[in-house]
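In order, the protein sequence lines correspond to chains A and B. So in the numbering used here the end of the first sequence lands on 191, straight run, no missing numbers. So in the numbering used here the end of the second sequence lands on 191, straight run, no missing numbers. Ideal Cβ placement from N, Cα and C applies to all residues, glycine included. All values reported here derive from a predicted model rather than from experimental measurement.
2 protein chains.
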Amino acid sequence: MRLGKGVEWAVHTLLNLNMAESGALGTPQLARAHDLPPAYLNKQLQLLVKAGLLVSSVGPHGGFSLARPVEEITLLDVVLAIEGDEPMFRCEEIRCRGTIGELSPRPTGPCQVKSAMRRAERAWHEALAGQKLADIQAELDEEPAVRRIVRSALD
Amino acid sequence: MRLGKGVEWAVHTLLNLNMAESGALGTPQLARAHDLPPAYLNKQLQLLVKAGLLVSSVGPHGGFSLARPVEEITLLDVVLAIEGDEPMFRCEEIRCRGTIGELSPRPTGPCQVKSAMRRAERAWHEALAGQKLADIQAELDEEPAVRRIVRSALD
DNA sequence: GCATCATTACTCGGATAAGAAATGTCCGAGTCGCGCAGG
DNA sequence: CCTGCGCGACTCGGACATTTCTTATCCGAGTAATGATGC
């Protein structure tokens, strides 16, 4: 049960795109910014495009740019874009199989174990949805040099 | 980012052990109860033993039994026992690498992205810790036949 | 000088490998219960 | 009949395959800028 490293890459890259002022940044620059494998980073960014967080443009001077301001992007958006929206607890309904499952009448209502795990998962989602990228950006800005540094490294 | 199926197996098996009244149940019976691969289920149960949720006894009439009542076992205990206690978001400190990392002075304080993800993870843990196995057992008991069925399938 | 066009370099995007982790299987060490022999 | 002992069967526990997923890489299709060319 671990998140792919694409999540970390995506968040930092989105923040970098927010701080940079050039219209669009290509995969090579974004990868060099944090020494990431360019082709694989590109794969993750494509997921962000598919999820509607980024827009991409091809050709020279092409690249990726934010589809909407960081005030409207939550950590949940990023996690779901990268990891997919399948629930992390997969209920295979084992309660309906084996000697117990065969003896039981067809159970009424959903599996209680599944429901309990879903509640916890919902708490996680809500905690993620409650944190926008703008909030993290604000924390970053408490160190005053970051924006300037990022721009000089990217533009 | 998905939990192993061992989590589902563990929760149902712990509940079965709670409902059964025989002193200890072996892997074969517990596996037949839900038609699970016995050897792999055994692997998961060993994790529960290592975490202190189960006690095991060898020899004939041996097997697994609860180490403490279900009122004192939370879903968090089970998840941590099966999945391990490493955090699901692995911060690799990419902010300190690449052109941005080299330009920046050594950053003060922890990574804000990591902190945000940790907050969400804590919410998940708290939601898991707030649900005891006894609570799920109580929901199961609303269908009155379950305990009798489980006993007749296991004992 | 200006518009048109072919070229070119650069981009994304998806198809293709390598590595790691989860899943599944097998066999050995140890132990408890049971049957048997002896007193 | 009672006690002690050897045997056997059953258990857990860890070492060994297989499948799935994550991670990483490569190459092609498409496009926009650019420079040359003709008017």
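Bounding residues of the alpha helix (DSSP H) (the contiguous stretch that carries residue i)
i: Gly134(B); result: 134-139
i: Gly42(B); result: 42-55
i: Val186(B); result: 182-190
i: Leu90(B); result: Careful: Leu90(B) lies outside any alpha helix (DSSP H), inside the beta strand (DSSP E) at 90-93.
i: Ile118(B); result: 111-119
i: Gln82(A); result: 74-86
i: Gln167(A); result: From DSSP, Gln167(A) is part of no alpha helix (DSSP H); its letter is neither H nor E.
i: Leu66(B); result: 63-70
Minimum C-alpha distance to residue i - residue among the options
i: Ala46(A); options: Ala87(A), Ala181(A), Glu179(A); result: Ala87(A)
i: Glu107(B); options: Gly98(B), Ala174(B), Pro180(B), Arg183(B); result: Ala174(B)
i: Gly241(A); options: Gln148(A), Ala60(A), His70(A), Gln80(A); result: The question about residue 241(A) has no answer here: the residues shown for chain A are numbered 37 through 191.
i: Arg231(B); options: His70(B), Ala75(B), Glu44(B), Ser58(B); result: Outside the displayed span of chain B (37 to 191) sits residue 231(B), for which this structure offers no information.
i: Ser151(B); options: Pro143(A), Glu162(A), Asp171(A); result: Asp171(A)
i: Pro141(B); options: Ala103(A), Arg183(A), Pro105(A), Gln148(A); result: Arg183(A)
i: Gln80(A); options: Thr110(A), Glu44(A), Glu128(A), Gly98(A); result: Glu44(A)
i: Gln65(A); options: Ile109(A), Glu178(A), Gly98(A), Ala103(A); result: Gly98(A)
i: Pro146(B); options: Cys127(B), Trp160(B), Phe100(B), His161(B); result: Cys127(B)
i: Ala56(A); options: Glu178(A), Glu119(A), Pro105(A); result: Pro105(A)
i: Ala189(B); options: Leu190(A), Asp71(A), Glu138(A), Ile185(A); result: Glu138(A)
Interface flag, residue i vs chain B, CB-CB below 7 angstroms
i: Val47(A); result: yes
i: Val186(A); result: yes
i: Ser93(A); result: no
i: Leu139(A); result: yes
Proximity test, Cβ basis, 7 angstroms: residue i and chain A
i: Met124(B); result: yes
i: Gln148(B); result: yes
i: Thr135(B); result: yes
i: Arg68(B); result: yes
i: Glu129(B); result: no
i: Ala165(B); result: no
i: Ala152(B); result: yes
i: Glu178(B); result: no
i: Ala159(B); result: yes
Host beta strand (DSSP E) of residue i (start-end)
i: Leu102(A); result: 99-102
Would the region 167-183 of chain B and the region 145-160 of chain A be scored as touching if the rule is three or more Cβ pairs under 8 angstroms?
-> The region 167-183 of chain B, when compared against the region 145-160 of chain A, does touch it at the 8 angstroms Cβ threshold.
Say whether the region 50-57 of chain B touches the region 104-117 of chain B, bearing in mind that this needs 3 or more beta-carbon pairs closer than 8 angstroms, one atom from each stretch.
-> Enough Cβ pairs lie closer than 8 angstroms, so yes.
Of the residues that make up the region 55-80 of chain B, which ones have a beta carbon closer than 9 angstroms to any beta carbon in chain A?
-> Taking 9 angstroms as the Cβ-Cβ cut-off against chain A, the residues of the region 55-80 of chain B that qualify are Gln65, Ala67, Arg68, Ala69, His70, Asp71, Leu72.
Within the chosen definition, does the region 117-127 of chain B reach the region 126-141 of chain A through at least 3 CB pairs nearer than 8 angstroms?
-> No: the two stretches stay apart, fewer than three of their Cβ pairs being nearer than 8 angstroms.
Interfacial residues, the region 80-114 of chain B to chain A, with Cβ spacing under 9 angstroms = So the close ones are Leu111, Leu112.
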